[in-house]
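Colleague: Before I ask anything, let me first share the structure, which is written out below as structure tokens.
In this note's numbering, the protein residues as written are 40 to 576.
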């Protein structure tokens, strides 16, 4: 890609700005210690800068800055999963660092027949209001979640739930062999339904931290829950802040206003690494950046047009020039580490092929000097929606826009604040550059059901592929792991052939961590961010 490409120019300006921020932050630190940022609302450092009146003498605290804001903490509706990420709520089952299933609020479970699961609920656990966790409380929480979340209802397929002391019995509507892994889903987080607090502002969970105060779209103030069943947290307090501006997050890290900052700009990681007080975690993630085609748009119902757009995506250039090497090219939705990763080769950047496909689809260059493609007098102009929460996505969008222009396709980029709400409510878009964890529970079923089944949470493109639906339905009732892997690979082959999405890269997580933070590291699953064991020097 040319050095004068707009995506690279923007990246170069970001590095220059970052270096200036570092210089200014260093000067400020030498003169007067950490300062409040300019208009970003981060406040003082969560470390030594706070007074004894604010946190108590000797109390330990920490600030984590996340890239997406939440307007609600209700685990049944918050797609940012903040309550579980902030250590407020927990699920019956969790993932370990190798993505294996581990007991959490349930100590064990067994399947007694094809549709029956029996869970033993952990004893001696209390909610933040002191009330006991038992099977009845779990039943009430799950039933509430299922009633409020179509996605959770589709994943769990629950027919009925019975509670007896610490024993929970779940009957599913159909065989659901991966039922325990579906309970890892943050929408299934357990809360005390009987608590008086407003769930959207302060869910009463069982985690190491309770909500002290919540300002929607700004921050969650947390306090240690001393009665936490797995040992009281090392931190007395924590603050979970939100900001979608990548440069603002970078400045907050460099000026030590935040201790942990998620999703730093990739082009700035080398600058951050040169700051002695900060370390950078570049962790391979289970996430995929991909392009969604809106199959409700007539011109995108033509497979040749989707294939042409796919052939115009220069994935290797994206990895090297935008992700700065902190990513791998995606071959389908799933990370190469999984056994159900497809055996086929990935898509190839081929502008000549794209032009040939568009010509076959009836799109011809206009008679003027613009070279734009038209059909029936109408230009081929596509609206691409993306968002700033992941700073590389707008740069990828600009690269796709530039490559499409060379082929005669006009792409208009629209930035939106909340992509999930926009894509679910609007139909006036053609393409969406999106990012999702595609196998956060170590199984292909989550993404396949979410993205392609009618009730899935990610069915924004409204793809209707009967062969794919049949494979997913078969996967959903298959127990044997080898057979599940084969069905998943067959499903991906259909996806790669029909292209309801174009999968681009698996990004690394670029996370900045102040050296004062100890006993903490990011997990592949991206769920468990604030823990009882993390500490500060």
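From the three backbone atoms N, C-alpha and C, an ideal C-beta is built for every residue, glycine too. Quantities reported herein were computed from a predicted structural model and do not represent experimental measurements.
Can you give me the start and stop residues for the alpha helix (DSSP H) that residue 218 sits inside?
Modeller: By one-based count along the chain shown, residue 218 stands at place 179. Per DSSP, residue 218 belongs to the alpha helix (DSSP H) from 218-221.
Colleague: Could you give the DSSP three-state label for residue 566: helix, strand or coil?
Modeller: One-based indexing of the chain shown puts residue 566 at position 527. Three-state result, residue 566: coil.
Colleague: Identify, in the order they occur along the chain, each residue of the same chain with its Cβ nearer than 6 Å to the Cβ of residue 559, setting aside the five sequence neighbours on each side.
Modeller: For this step, residue 559 is matched to residue 520 along the chain shown. Hits under 6 Å: 573.
Colleague: Let me confirm a value: residue 454 is counted as buried when at least 16 other C-beta atoms fall within 10 Å, else exposed. Which label applies?
Modeller: In the chain shown, counting from the first residue as 1, residue 454 sits at position 415. The residue is exposed, with fewer than 16 neighbouring Cβ atoms inside 10 Å.
Colleague: For residue 569 and residue 542, I'd like the C-alpha separation in whole angstroms.
Modeller: Here residue 569 is taken as the residue at index 530 of the chain shown, counted from 1. Here residue 542 is taken as the residue at index 503 of the chain shown, counted from 1. So the alpha carbons of these two residues sit roughly 30 Å apart.
Colleague: Measure the beta-carbon distance from residue 546 to residue 324 and round it to whole angstroms, keeping in mind my assumption that it falls under 8 Å.
Modeller: The residue labelled residue 546 in the question sits at position 507 within the chain shown. The residue labelled residue 324 in the question sits at position 285 within the chain shown. At roughly 6 Å, the Cβ-Cβ gap stays under 8 Å, so residue 546 and residue 324 are in contact.
Colleague: Any beta carbon from chain C within less than 8 Å of residue 102's own beta carbon?
Modeller: Among the chains of the structure shown, chain C does not appear; only one protein chain is present.
Colleague: Just checking my contact of residue 165 with residue 266 at CB under 8 Å: how many whole Å lie between their CB atoms?
Modeller: Position 126 of the chain shown, counted from the start, is the residue given in the question as residue 165. Position 227 of the chain shown, counted from the start, is the residue given in the question as residue 266. With 8 Å as the limit, residue 165 and residue 266 qualify as a contact, their Cβ atoms being about 5 Å apart.
Colleague: Since residue 471 sits in a beta bridge, which residues does DSSP pair it with?
Modeller: Translated into positions along the chain shown, residue 471 becomes position 432. Its beta-bridge partners are 331, 424.
Colleague: Taking just the CA atoms, how far does residue 438 sit from residue 368?
Modeller: Taking the first residue of the chain shown as 1, we reach residue 368 at position 329. Taking the first residue of the chain shown as 1, we reach residue 438 at position 399. Each residue's alpha carbon lies about 15 Å from the other.
Colleague: Span of the beta strand (DSSP E) holding residue 160?
Modeller: As a working note, residue 160 is residue 121 in the chain shown. First-last of the beta strand (DSSP E) with residue 160: 155-160.
Colleague: Quick one: what's residue 545 bridged to in DSSP?
Modeller: Sequence index remark: in the chain shown, residue 545 carries index 506 (1-based). According to DSSP, which records beta bridges pairwise, residue 545 is partnered with 367.
Colleague: Going by DSSP in three states, residue 417 sits in which element: helix, strand or coil?
Modeller: Indexing the chain shown from 1 puts residue 417 at position 378. Three-state result, residue 417: strand.
Colleague: Just checking my contact of residue 190 with residue 496 at CB under 8 Å: how many whole Å lie between their CB atoms?
Modeller: What you label residue 190 is simply residue 151 of the chain shown in a count that begins at 1. What you label residue 496 is simply residue 457 of the chain shown in a count that begins at 1. Contact holds; Cβ gap of about 4 Å.
Colleague: CB-CB under 6 Å to residue 564, same chain, minus the five flanking residues each way: which ones, in chain order?
Modeller: By 1-based counting over the chain shown, the position of residue 564 is 525. Answer for residue 564: 134, 479, listed in chain order.
Colleague: From 102, 299, 379, 474, pick the residue whose C-alpha is nearest to that of residue 526; which is it?
Modeller: On the chain shown, position 487 is the one that residue 526 refers to. Closest by alpha carbon: 379.
Colleague: Less than 8 Å between the beta carbons of residue 322 and residue 123, yes or no?
Modeller: In the chain shown, residue 322 corresponds to position 283, counting from 1. In the chain shown, residue 123 corresponds to position 84, counting from 1. No, the Cβ-Cβ distance between residue 322 and residue 123 is not below 8 Å.
Colleague: Is residue 143 closer than 8 Å to residue 156 when the C-beta atoms are compared?
Modeller: On the chain shown, position 117 is the one that residue 156 refers to. On the chain shown, position 104 is the one that residue 143 refers to. Cβ atoms of residue 156 and residue 143: not closer than 8 Å.
Colleague: At the level of alpha carbons, what is the spacing between residue 390 and residue 440?
Modeller: One-based indexing of the chain shown puts residue 390 at position 351. One-based indexing of the chain shown puts residue 440 at position 401. If you take the alpha carbons of residue 390 and residue 440, they lie about 13 Å apart.
Colleague: Is the number of C-beta pairs between the region 510-524 and the region 200-217 that are closer than 8 Å three or more?
Modeller: At 8 Å Cβ cutoff, the stretches touch.
Colleague: Kindly indicate which residue of 273, 491, 374, 499 has the alpha-carbon position closest to the one of residue 611.
Modeller: The shown model of the chain, from 40 to 576, leaves out residue 611, and the question about it has no answer.
Colleague: Is the region 104-124 close to the region 242-259, with three or more CB pairs under 8 Å?
Modeller: Taking 8 Å as the limit for Cβ pairs, the verdict is that the region 242-259 does touch the region 104-124.
Colleague: In angstroms, rounded to a whole number, what distance separates the CA positions of residue 282 and residue 262?
Modeller: As a position in the chain shown, residue 282 is number 243, starting the count at 1. As a position in the chain shown, residue 262 is number 223, starting the count at 1. For residue 282 and residue 262, the distance between alpha carbons rounds to 21 Å.
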